[in-house]
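As structure tokens, the structure follows; a few thoughts come after it.
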Amino acid sequence: QALVREGLRNVAAGANPLGLKRGIEKAVEKVTETLLKSAKEVETKEQIAATAGISAGDQSIGDLIAEAMDKVGNEGVITVEESNTFGLQLELTE
């Protein structure tokens, strides 16, 4: 958001939009490269549960996601949907 906001401000002030776009693309490339270098594989069910729990802000959701990943594998698809009922539920569809 900050990049877009500042980019628009710079264009309004007379900056070259194409030059700005190229600069943003280079920055994205560098950030992506840095993130990929520092990324760590999450392999165990416990690591998946911890990571998912932090991402969700709720460890019970993290545990459920780890259980779902255990069932569908690394190439499986997990869909999270909001429900009108109370609680968490795991439903497996093949």
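Oh and the sequence shown: position 39 is 132 in this note's numbering, straight run, nothing missing. The C-beta atom is built at its ideal place from N, Cα and C for all residues, glycine as well. On a predicted model such as this, the values are computed, not experimentally measured, just so you know.
Have a look at L113, V170, S148, I141 and flag the residue whose alpha-carbon is nearest the alpha-carbon of T186. V170
Report back the beta-carbon spacing between A159 and K133 to the nearest angstrom; my notes put them in contact at under 8 angstroms. About 16 angstroms separates the two Cβ atoms, so there is no contact after all.
For N103, the first and last residue of its enclosing alpha helix (DSSP H): 95-105
Separation of A120 from T127, as counted between CA atoms: 11 angstroms
DSSP three-state assignment for T137, whether helix, strand or coil: coil
With DSSP run on the structure shown, which of helix, strand or coil describes Q152? helix
Nearest-angstrom Cα distance between L96 and G107? 16 angstroms
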